[in-house]
Amino acid sequence: MQFLMDWQFVMDWFESLQWERLVPELIGKALGFLSGFAASWFLLFRRRLNALQRMQSGDSDDFIFQMHHLSPVAGHADDVVLLFRNVAPKITLNDLYDNEAVRDVVKKIAEQTTLDDPILKTEGTLGFELLNDAVGHIAGLLATTPFPRKAWLFVMTCEDRQAVRKKCIRCFLIQPADLEKFVDWNWCQHHVLVEKPWHWFRVVALHRIACAWKAEQRVAMEQSTRSTELDMPLVDKQVRHDRVRVLSLGLNESESPIGEPHRIAWKSHLANLASMGLPLTTMASNPSNEANEIQANSGAAKEDKLLD
802 MQFLMDWQFV MDWFESLQWE RLVPELIGKA LGFLSGFAAS WFLLFRRRLN ALQRMQSGDS
862 DDFIFQMHHL SPVAGHADDV VLLFRNVAPK ITLNDLYDNE AVRDVVKKIA EQTTLDDPIL
922 KTEGTLGFEL LNDAVGHIAG LLATTPFPRK AWLFVMTCED RQAVRKKCIR CFLIQPADLE
982 KFVDWNWCQH HVLVEKPWHW FRVVALHRIA CAWKAEQRVA MEQSTRSTEL DMPLVDKQVR
1042 HDRVRVLSLG LNESESPIGE PHRIAWKSHL ANLASMGLPL TTMASNPSNE ANEIQANSGA
1102 AKEDKLLD
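Given below as structure tokens:
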């Protein structure tokens, strides 16, 4: 009997509900929940898809710090092998710069670089601070290394935006005496060997950086002779700043080449060199050079595939 009374109470309650209002409201809430769930899932899926596409395309916000060193070649007194090694853990753009507007500026000037002009165009006070933050970061990381301190040049580059698939900002470290040699394009062609055939673009980048460094030195010498009485403190000194900085660092210079060094087949890069106004010169006939040229040309197909 009690069960029948309870059932009757439930039936009366259902009959008292305003179904003409309740049903549309329930349907609306259900549709709202499903729409929100679908939108959240789509945004999450889209974010993951974008991240995957960025990885596949080589687009990256990484900062990589690399030491460049010239290692002598056994049996060839005039030849050297270009070695470049990471000297610090890579970081991201967000880790190095906490200001979102600054990140946008870095991305913008990074996209403007080419193999012909690989140095980031840091200009004005903002550019000065961008460069200072990167310099301070790597100087702090390498402050306690056990190796003897020497003068190293620091430069922020993005030369591989047009040269290879991997897109990231690379901060070069190289000794002044080594960079001085890269000013001579003829020397770069005939005496610099690399660890991999597709490292030719790094030789070109270092040559362009060396030329820019020399130009900065000439401008600095000219400015040192003019009067600075009318300059505004902390403003005029940053309008033009050196993009190639000198640091005192202790780095491991005992690195050795990985595998057999390669002589670059420069003839396979005539189009790229011509667009930068870099002539391809020839050396005197030498059997060893001819053999090395044949070896370099054998890897040209693989090299071009990697660079596409």
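In our numbering, the protein residues as written are 802 to 1109.
Ideal Cβ placement from N, Cα and C applies to all residues, glycine included.
Note that the coordinates shown come from a computational prediction; the quantities given were computed from them, not determined experimentally.
Rounded separation between residue i and residue j - CA only
i, j, result
"A1021", "R848", "47 Å"
"P873", "C989", "14 Å"
"F864", "K891", "6 Å"
"K1068", "A1075", "11 Å"
"S858", "E912", "Here the model assigns S858 a pLDDT of 48, short of 50, so the residue's position is not dependable and the matter cannot be decided."
"D880", "W986", "14 Å"
"V903", "N895", "10 Å"
"L921", "S836", "45 Å"
"R822", "K830", "12 Å"
"V995", "S841", "49 Å"
"A944", "S1025", "31 Å"
"V1004", "E901", "34 Å"
"T923", "F834", "49 Å"
"A1066", "R886", "23 Å"
"P1080", "V907", "32 Å"
"G1060", "H991", "20 Å"
"L1071", "L845", "46 Å"
"P1088", "G876", "Low confidence applies here, because P1088 scores a pLDDT of 37, under 50, leaving its location unreliable and the question unanswered by this model."
Span of the alpha helix (DSSP H) around residue i
i, result
"V993", "Segment V993 to V995 is the beta strand (DSSP E) holding V993; no alpha helix (DSSP H) there."
"F885", "No alpha helix (DSSP H) contains F885, which is instead part of the beta strand (DSSP E) from H877 to N887."
"L980", "P977 to K982"
"V1045", "Premise fails: V1045 is in no alpha helix (DSSP H) and is neither H nor E."
"W1014", "W1001 to S1025"
"F948", "Here F948 belongs to no alpha helix (DSSP H), and DSSP marks it neither H nor E."
"I939", "G925 to L942"
"I1065", "That residue, I1065, is in no alpha helix (DSSP H); it is neither H nor E in DSSP."
Nearest to residue i (by Cα), restricted to the options the options
i, options, result
"Y898", "A875, T914, E912 and L927", "L927"
"V882", "L1071, G1078 and R1064", "R1064"
"S1055", "K908, L884 and H992", "L884"
"R971", "G937, F834 and F866", "F866"
"M1077", "D917, A1066, H870 and A840", "D917"
"H870", "T945, F973 and I828", "F973"
"N1073", "F948, G833, E924 and W1001", "W1001"
"A978", "K997, V956, P998 and A952", "A952"
"V936", "G1060, E1061, C1012 and L1050", "L1050"
"Q1018", "H991, V1047 and T923", "V1047"
"W1014", "Q1024, V984 and P949", "V984"
"V744", "G1060, G925, D1043 and E924", "Nothing can be reported for residue 744: it is not among the residues displayed for the chain, which extend from 802 to 1109."
"D905", "R1003, D862 and G876", "D862"
"A878", "V993, C1012, P1080 and M868", "V993"
"K968", "A875, I828, P1058 and T893", "T893"
Heavy atom of the ligand NAD within 7 Å of residue i beta-carbon
i, result
"H1063", "The ligand NAD is absent from the structure shown, which contains no ligand whatsoever."
Rounded distance between the beta-carbons of residue j and residue i, thought under 8 Å
i, j, result
"L954", "V888", "Between V888 and L954 the Cβ distance is about 14 Å, and since that is not below 8 Å, they are no contact."
"T958", "L1052", "In fact, because the Cβ distance is near 18 Å, the residues do not count as touching under 8 Å."
The stretch 930–944 touching the stretch 1005–1022, judged by at least three CB pairs closer than 8 Å = No, they do not touch.
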